[in-house]
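Visitor: Just so you know, we're using UniProt numbering here: the sequence shown kicks off at 1 and counts up by one.
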Amino acid sequence: MTEAVADMETLRARAGAVTVAVALDLLVWNGAVGTVAGGSIAWWLPVAAVALIHQSLWWLASRPYAVLTAQCAFALVSTVVPQWQPFSGLLIATYAVSSRSRGRHTLAVLVGLGVALLSHSYGSARLTLDPLRSTVTLLALWGALAIAVWAVGARHRRTVDRAVAAGETLSAQARAGVANERLRIARELHDGVCGAVTAIQLQAAGASALGPTHPEAAGPSLVAIQSSAERTLLELRRVLGDLRRDSVDESGASSIEAPSLDEIPQLVELARAAGLHVTLTQTVDPLTRLDPLAEATVVRVVQEGLTNAVKHGPRGRCQVSVNVGPDGAHVRVDSSHSLSTTGSTGSTGAAQPAGATGMGLVGLAERAALVGGHLSWAAHGDRFTLDLAVPAPAWAGR
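1) Could you have a look at Gln319 and say whether DSSP puts it in helix, strand or coil?
2) Hey, is the stretch 361-371 in contact with the stretch 292-311, meaning 3+ C-beta pairs nearer than 8 Å?
3) Who are the near neighbours of Leu145 in its chain, counting only those whose CB is closer than 8 Å to its CB and skipping five residues on each side?
4) What alpha helix (DSSP H) runs, 4 residues minimum, are completely inside the stretch 31-116?
5) For Met8 and Val18, I'd like the C-alpha separation in whole angstroms.
6) From the DSSP output, in three-state form, read off Gly313 for me.
7) Taking the straight line between their C-alpha atoms, what separation do you get for His277 and Ile264?
8) Could you tell me whether the Cβ atoms of Val50 and Leu76 are closer together than 8 Å?
9) Which residue or residues does DSSP assign as beta-bridge partners of Ser335?
10) May I have the straight-line CA-CA distance separating Val149 from Val33, to the nearest angstrom?
11) Grab me the residues of Asp387's own chain with a C-beta within less than 6 Å of its C-beta, minus the 5 sequence neighbours each way, in chain order.
12) With DSSP as the reference, label Ala258 as helix, strand or coil.
13) Tell me the rounded alpha-carbon separation between Gly38 and Leu11.
14) From Gly167 to Gly372, what does the alpha carbon distance come to, in whole angstroms?
15) I'd like to know whether the C-beta atoms of Val97 and Leu117 end up nearer to each other than 8 Å.
16) In the structure shown, what three-state DSSP assignment does Ala392 receive?
17) Nearest to Arg289 by CA position, among Glu269, Ala329, Thr281, Val322, is which residue?
18) Starting from Thr281, trace the alpha helix (DSSP H) both ways and give me its first and last residue.
19) Report buried or exposed for Asn30, applying the criterion of at least 16 other Cβ atoms within 10 angstroms of its Cβ.
20) If I follow the unbroken alpha helix (DSSP H) through Leu270, where does it start and stop?
21) Where does Trp377 fall in DSSP's three states?
22) Who are the near neighbours of Gln266 in its chain, counting only those whose CB is closer than 6 Å to its CB and skipping five residues on each side?
23) For the 8 Å Cβ check, are there 3 or more pairs between the stretch 51-63 and the stretch 105-123?
24) According to DSSP, simplified to helix, strand and coil, what is Gly363?
25) Just the Cα atoms here: how many angstroms apart are Arg14 and Ala23?
26) Going by other Cβ atoms of all chains shown within 10 Å of its Cβ, with 16 needed for buried, is Gly177 buried or exposed?
27) Per DSSP, Gly325 forms a beta bridge with which residues?
28) Tell me which same chain residues have a C-beta within less than 7 Å of the C-beta of Leu189, skipping the five on either side of it?
29) How would you label Gln173, buried or exposed, when you count the other beta carbons within 10 angstroms and need 16 or more for buried?
30) What number of angstroms, rounded off, separates the C-alpha of Arg317 from the C-alpha of Val268?
31) Am I right that Pro259 and Asp285 are in contact with their C-beta atoms under 8 Å? What's the rounded C-beta distance?
32) Output the distance between the C-alpha atoms of Cys72 and Leu183, rounded to the nearest integer angstrom.
33) Helix, strand or coil for Val22, going by three-state DSSP, please let me know.
34) Touch check for the stretch 151-167 and the stretch 127-137: three-plus C-beta pairs under 8 Å?
35) Since His156 is in the alpha helix (DSSP H), which residue starts that stretch and which ends it?
36) Going by CA-CA distance only, name the one from Ile41, Tyr122, Thr94 that's closest to Pro64.
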């Protein structure tokens, strides 16, 4: 429907251009039909020629140069009938070319216009006492009018170009915004949901193995599965709640409540329920308040470290240290398993263990960079260490 309306408006505009050109040329023409040879032409011939030639204006949008060429050629009739000087179609075509020209064929356009306007100027000046001076004067006037029309068209072209460039910029920004949003959601799903689901998978496998021979021993695993499922639901609610909200701040922060430091003990308990021996040391200065994004990054690093420890060494040991003070947050997750990789924020060439995608560490590195922090990881024998440093915001502790 919109395209049909636009097409109708275009047809009306072209019909208007044709009508105005025909009417203006016939209105200005004084009916003179005398030729330079002393004869005359039929009175209806200029009327028919104007009505016919100006039909070329229908193709201004698709073939502006061809239309201008036809109008320039038509203007040369003033060399035969001096008092018949069709000009309106010529000026309309000049505007169309200048509003679409990118510097191509400019010389040819100027030559064609110059010849057509010279024909008009001499056609009027030849009847004066000083034809040469009159020709120059009239040519200057015609030239000034043509330059003004060209300038208006060129200004329209620049306006359109700026609008197109602005539209392309907005489209690029929109595409980048969508890509960033998808990346952020992918990080939330991986860091929050995948870790909890991994714990459920491992705990379910343990319960399944113990069930046939030691059904009473499967009870703790089932309780842990329930806790992990509740954690999964919490993370899903966060992601889904974020998707249902429209507001996202300028930094790209989620509008849903972010994970807080209070959740770290719960994450540790879930890892312990999966069989991991975890030691937690958490020190938080009560006067220090981290940015919500920074606080969420701390929680996600601890969560990823515990998930990897459970995944690669479910019966191993893990030491978690969280220190939040005036200089920011420092996190270390030191676990014993068989990872063999080193890396840090921005690293792209780190080796990954068989079957691992490494997206968790890369995503955490991106999180750390977003809040001005630095994440590094390294393996030493059967031990794997995650280190995070996040600076405190300027208003921390105030």
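Glycine is no exception: its CB is placed at the ideal position from the N, C-alpha and C atoms.
Guide: Looking at the coordinates:
1) In the sequence shown, the residue the question calls residue 319 occupies position 319. If DSSP states are grouped into helix, strand and coil, Gln319 belongs with the strands.
2) yes
3) As a first step, residue 145 is located in the sequence shown; it is residue number 145 there, counting from the start. Contacts found: Leu91.
4) 44-53, 64-75, 88-98
5) Here residue 8 is taken as the residue at index 8 of the sequence shown, counted from 1. Here residue 18 is taken as the residue at index 18 of the sequence shown, counted from 1. Approximately 15 Å, taken between the alpha carbons.
6) What you label residue 313 is simply residue 313 of the sequence shown in a count that begins at 1. DSSP places Gly313 in coil when its eight states are reduced to three.
7) Here residue 277 refers to the residue found at position 277 of the sequence shown. Here residue 264 refers to the residue found at position 264 of the sequence shown. Approximately 15 Å, taken between the alpha carbons.
8) Taking the first residue of the sequence shown as position 1, residue 50 is located at position 50. Taking the first residue of the sequence shown as position 1, residue 76 is located at position 76. In this structure, Leu76 does not lie closer than 8 Å to Val50 by Cβ.
9) Residue numbering aside, residue 335 sits at position 335 when the sequence shown is read from its first letter. DSSP output for Ser335 lists Cys318, Phe384 as bridge partner(s).
10) For the purposes of this step, residue 149 is taken as residue 149 along the sequence shown, with counting starting at 1. For the purposes of this step, residue 33 is taken as residue 33 along the sequence shown, with counting starting at 1. The straight-line gap from Cα to Cα measures roughly 29 Å.
11) For the purposes of this step, residue 387 is taken as the residue at position 387 of the sequence shown. Around Asp387: Arg332, Ser376.
12) If you number the sequence shown from 1, residue 258 lands on position 258. The answer is coil: DSSP assigns Ala258 none of H, G, I, E or B.
13) The residue labelled residue 38 in the question sits at position 38 within the sequence shown. The residue labelled residue 11 in the question sits at position 11 within the sequence shown. Straight-line Cα distance between these residues: approximately 42 Å.
14) Taking the sequence shown and counting its residues from 1, the one referred to as residue 167 is at position 167. Taking the sequence shown and counting its residues from 1, the one referred to as residue 372 is at position 372. Their backbone Cα atoms lie some 32 Å apart in a straight line.
15) One-based indexing of the sequence shown puts residue 97 at position 97. One-based indexing of the sequence shown puts residue 117 at position 117. Taking 8 Å as the Cβ cut-off, Val97 and Leu117 do not qualify as a contacting pair.
16) Start at 1 with the first residue of the sequence shown, and residue 392 comes out as number 392. Reduced to three states, the DSSP call for Ala392 is coil.
17) Locating residue 289 in the sequence shown gives position 289, counting from the first residue. When each option's Cα is compared against that of Arg289, the closest is Ala329.
18) On the sequence shown, residue 281 is found 281 positions in, with the first residue counted as 1. That residue, Thr281, is in no alpha helix (DSSP H); its beta strand (DSSP E) goes 277-284.
19) Sequence index remark: in the sequence shown, residue 30 carries index 30 (1-based). Looking at its Cβ environment, which holds fewer than 16 other Cβ atoms inside 10 Å, Asn30 is exposed.
20) As a position in the sequence shown, residue 270 is number 270, starting the count at 1. Run containing Leu270: 264-273, per the alpha helix (DSSP H) assignment.
21) Translated into positions along the sequence shown, residue 377 becomes position 377. Looking at Trp377 - three-state DSSP - the assignment turns out to be strand.
22) Here residue 266 is taken as the residue at index 266 of the sequence shown, counted from 1. Result list for Gln266: empty, nothing under 6 Å.
23) no
24) Start at 1 with the first residue of the sequence shown, and residue 363 comes out as number 363. It is helical.
25) Taking the first residue of the sequence shown as position 1, residue 14 is located at position 14. Taking the first residue of the sequence shown as position 1, residue 23 is located at position 23. The straight-line gap from Cα to Cα measures roughly 14 Å.
26) As a first step, residue 177 must be located in the sequence shown, where it is residue number 177. Looking at its Cβ environment, which holds fewer than 16 other Cβ atoms inside 10 Å, Gly177 is exposed.
27) By one-based count along the sequence shown, residue 325 stands at place 325. Gly328.
28) Position 189 of the sequence shown, counted from the start, is the residue given in the question as residue 189. Answer for Leu189: Val239, listed in chain order.
29) Taking the sequence shown and counting its residues from 1, one reaches residue 173 at position 173. Exposed, because fewer than 16 other Cβ atoms sit within 10 Å of the Cβ of Gln173.
30) As a working note, residue 317 is residue 317 in the sequence shown. As a working note, residue 268 is residue 268 in the sequence shown. Distance between the alpha carbons of Arg317 and Val268 is about 12 Å.
31) Reading the sequence shown from its first residue, position 259 is the one you call residue 259. Reading the sequence shown from its first residue, position 285 is the one you call residue 285. The pair is not a contact, with the Cβ atoms about 19 Å apart (cut-off 8 Å).
32) One-based indexing of the sequence shown puts residue 72 at position 72. One-based indexing of the sequence shown puts residue 183 at position 183. So the two alpha carbons sit approximately 58 Å from each other.
33) On the sequence shown, residue 22 is found 22 positions in, with the first residue counted as 1. Three-state DSSP puts Val22 in a helix.
34) no
35) Start at 1 with the first residue of the sequence shown, and residue 156 comes out as number 156. His156 -> alpha helix (DSSP H) spans 131-188.
36) By one-based count along the sequence shown, residue 64 stands at place 64. When only C-alpha atoms are compared, the closest one is Thr94.
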